[in-house]
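Numbering (mature numbering (1 follows the signal peptide of the UniProt record, and there is no 0)), first residue to last: -20 to -1, 1 to 95.
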C-alpha cells in the first residue's frame, strides 16, 4: 500500500510541474494584435458553421465563403493596424481588394435564392 501511495504521489508531482508551466503559458496576456486576430477568427468560424445549416449545398457554400472572406478581411485589417512588414501590409491590402468584390457577388447571388 505504501508503494502505491508513493508511486501516486510521485506521479502527481511529476505531472504538476508540466501542468503549471502549460497553465502559465495559457494565462499570459495577449497582445492587441493577438486579441484582434482571435476575435476575427472566432467570429469567422462561428459564421462559417452557421452556413452549414443551409440544406442547399450552393447556399451553404456561399454563406460559408462569405464568412471566410470576411474573416480574411478582418485579419488583413489587423495586419494593417499592427503589422510592420511592407510586404505583408501590401498583401493585406490586396486581400481586402480581392475579397470584398467576391463577398458582394455571393451576397447578390444569395438574394436571388431567397423566397
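Virtual Cβ for every residue (Gly too), placed ideally from N, Cα, C.
| Item | Value |
| --- | --- |
| Rounded C-alpha distance that separates residue 15 from residue 62 | 11 Å |
| Coarse secondary structure for residue 23, derived from DSSP in three states | helix |
| Alpha helix (DSSP H) segment containing residue 96, residue limits | Residue 96 is absent from the model: the chain starts at -20 and stops at 95. |
| Reduced DSSP category for residue -9 - H, G, I as helix; E, B as strand; rest coil | Note that residue -9 scores 46 on pLDDT, short of 50, meaning its location in the model is unreliable; the coordinates nonetheless yield the value given after this. In the structure shown, residue -9 sits in a helix (DSSP, three-state: H, G or I). |
| Segment limits, alpha helix (DSSP H) that includes residue 58 | 37 to 62 |
| Which listed residue (23, 50, 31) has its alpha carbon closest to that of residue 83 | 50 |
| Nearest-angstrom Cα separation, counted from residue 34 out to residue 79 | 22 Å |
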